[in-house]
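Protein chains in written order, with this note's numbering: chain A, 76 to 283; chain B, 30 to 108.
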């Protein structure tokens, strides 16, 4: 704990000194959140959202598979009959990654094939698309991340419970089904957020 | 156990191919370009593959466990 406090407080001190320097030398308006939101390219928001959607989903699915896989392999040493049935937990985790890929494909159809130059890019529709893709992708990614971890830990304990008593497996599978529905929730909300977005289109009149 | 691995590999490939192909095909032929309905269709396809795998895995497991109790009951009759 002391280790992290040392570096954390150093970074905090650096940030505060930079902020005070800017404030006292007259450029305190550099901290402009609205200008940041307006000046960042909508393509950047959209691409980051797509990357987060698939990246965090695969992170959750991979985490779940490694936890479950380790338990299945360990439990299968003493009780080899659990090996085939517990692959169901692995498939549940994999479905979470598929959700992320589907969302990434849906979102990337909104990007368009020809890049738009910056003097025709900053329209209200393009801002909307950029923000919606970013936050929709983040929503889907975080939901799938935690869903994958949930299904993974539940699946690993299902494997060990199955090794001890075969009748427990179906009951623990119900818990896994509930866990995997959460990934579906994230996907539905992500689709709702980006359902009304238009693909990136150039502005009618070009700003010189 | 080799057939189990083959079945798992086959289902994983299906789980990868079915939703994405369903998305593109249904977007083109069913929903007239609407991407949200196509995504919902592909989710239904992915869950369909998942449920099929669960049913076949449970059925395989109950089949591999049935011959053992049957052999035991025959030996009890022999006595």
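Every residue gets a Cβ at the ideal spot worked out from N, C-alpha and C, and that includes glycine.
Using CA coordinates, which residue listed in the options is at the minimum distance from residue i?
i, options, result
"residue 143 of chain A", "A:177, A:193 and A:162", "A:162"
"residue 179 of chain A", "A:121, A:279, A:275 and A:192", "A:121"
"residue 252 of chain A", "A:234, A:230 and A:128", "A:230"
"residue 268 of chain A", "A:220, A:221 and A:209", "A:209"
"residue 1 of chain B", "B:86, B:91, B:95 and B:94", "Only positions 30 to 108 of chain B appear in the structure, and residue 1 of chain B is not among them; the question remains open."
"residue 224 of chain A", "A:84, A:140 and A:85", "A:140"
"residue 146 of chain A", "A:254, A:226 and A:255", "A:226"
"residue 110 of chain A", "A:197, A:233, A:238 and A:247", "A:197"
"residue 232 of chain A", "A:157, A:202 and A:108", "A:157"
"residue 127 of chain A", "A:160, A:98 and A:182", "A:182"
"residue 206 of chain A", "A:117, A:105 and A:190", "A:117"
"residue 115 of chain A", "A:278, A:155, A:203 and A:102", "A:203"
"residue 41 of chain B", "B:57, B:78, B:88 and B:90", "B:78"
"residue 184 of chain A", "B:80, B:68, B:95 and B:91", "B:68"
"residue 94 of chain B", "A:152, A:153, A:151 and A:160", "A:160"
"residue 91 of chain B", "A:245, A:250, A:272 and A:234", "A:245"
"residue 134 of chain A", "A:171, A:155 and A:119", "A:171"
"residue 119 of chain A", "A:250, A:249 and A:201", "A:201"
"residue 153 of chain A", "A:234, A:249, A:250 and A:272", "A:234"
So residue i packs on residue j, CB below 8 Å; how close in whole Å?
i, j, result
"residue 169 of chain A", "residue 136 of chain A", "6 Å"
"residue 175 of chain A", "residue 216 of chain A", "7 Å"
"residue 186 of chain A", "residue 274 of chain A", "7 Å"
"residue 124 of chain A", "residue 213 of chain A", "6 Å"
"residue 173 of chain A", "residue 75 of chain B", "5 Å"
"residue 194 of chain A", "residue 281 of chain A", "5 Å"
"residue 220 of chain A", "residue 132 of chain A", "7 Å"
"residue 177 of chain A", "residue 83 of chain B", "That pair is no contact at about 20 Å."
"residue 270 of chain A", "residue 70 of chain B", "Going by Cβ atoms, the distance from residue 270 of chain A to residue 70 of chain B rounds to 14 Å, so no, they are not a contact pair."
"residue 167 of chain A", "residue 255 of chain A", "5 Å"
"residue 94 of chain A", "residue 150 of chain A", "Contact flag wrong, Cβ pair sits at about 54 Å."
"residue 279 of chain A", "residue 191 of chain A", "Contact flag wrong, Cβ pair sits at about 12 Å."
"residue 97 of chain A", "residue 90 of chain A", "Incorrect: roughly 11 Å between the Cβ atoms, too far for contact."
"residue 236 of chain A", "residue 250 of chain A", "So it is not a contact: roughly 11 Å between Cβ atoms."
From what residue to what residue does the alpha helix (DSSP H) around residue i run?
i, result
"residue 36 of chain B", "31–58"
"residue 92 of chain B", "64–94"
"residue 106 of chain A", "Segment: none, residue 106 of chain A is in no alpha helix (DSSP H) and carries neither H nor E."
"residue 185 of chain A", "From DSSP, residue 185 of chain A is part of no alpha helix (DSSP H); its letter is neither H nor E."
"residue 117 of chain A", "117–153"
"residue 200 of chain A", "199–239"
"residue 266 of chain A", "243–268"
"residue 157 of chain A", "157–160"
- request: Could you tell me whether the stretch 256–271 of chain A touches the stretch 42–58 of chain B, where touching means 3 or more Cβ pairs closer than 8 Å?
  value: no
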